[in-house]
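Encoded as structure tokens, the structure appears first; notes follow it.
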Amino acid sequence: MTTWITICDTCKREGAENRAEDNGHCTDGETLAALIEENANGDVRTRRFSCLMGCSRACNVSIQAHGKIAYSLGEFTPDRMAAEAILCFARLHAESRSGQVPYRQWPEGVRGHFVSRHPPLIDAE
């Protein structure tokens, strides 16, 4: 089953206007998305979405798969370290039958970034 990382591509952290000039006018979310997309493969796929409504916690992602617990995470710096931690957690999510990943397995780079956890959707009757 595929685990999806949805990346907010409109996220802008505080001071984003100054940084945009340095990275080709990309938003922080676009920068993070590109870094995650570089290494996503197999059971982990990515998609961009314009506004996950977590603006005060930019950069935001959600990790979800059909029939599994989903997670919202935010307040990332759009760098390679964050992208690698997000991908690592998503791979652990993909390997888990329920989507739940034991705390001791969480990559250091995602600890402190969890915003919420969502139960799986109920299949329509």
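Just so we're aligned: 182 in my numbering is position 37 of the sequence shown, and the numbers increase by one with no gaps anywhere.
The beta-carbon is built from N, C-alpha and C at its ideal position, and this holds for glycine as well.
Whole-Å CB distance - residue i paired with residue j, under 8 Å assumed
i           : j           : result
residue 203 : residue 158 : 5 Å
residue 174 : residue 191 : Contact doesn't hold; Cβ gap of about 12 Å is too wide.
residue 180 : residue 223 : 7 Å
residue 232 : residue 250 : Their Cβ separation, rounded to whole angstroms, is 14 Å, which puts residue 232 and residue 250 out of contact at 8 Å.
Residue environment, residue i, which counts as buried when at least 16 other CB atoms sit within 10 Å
i           : result
residue 244 : buried
residue 196 : exposed
residue 144 : Residue 144 lies beyond the residue range present for the chain, which begins at 146 and ends at 270; the question has no answer from this structure.
residue 211 : exposed
residue 186 : exposed
residue 147 : exposed
residue 254 : buried
residue 201 : exposed
One or two residues paired with residue i in a DSSP bridge
i           : result
residue 150 : 191 and 208
Original post:
Can you list, in chain order, the stretches of the beta strand (DSSP E) that have 3 or more residues and sit fully within the region 191–267?
Top reply: For the region 191–267, the continuous beta strand (DSSP E) assignments of 3+ residues that do not extend past its boundaries occur at 206–209, 215–218 and 259–263, in sequence order.
Original post:
Does the pairing of the region 208–225 with the region 250–262 give three or more beta-carbon distances under 8 Å?
Top reply: Under the Cβ criterion (8 Å, minimum of three pairs), the region 208–225 counts as touching the region 250–262.
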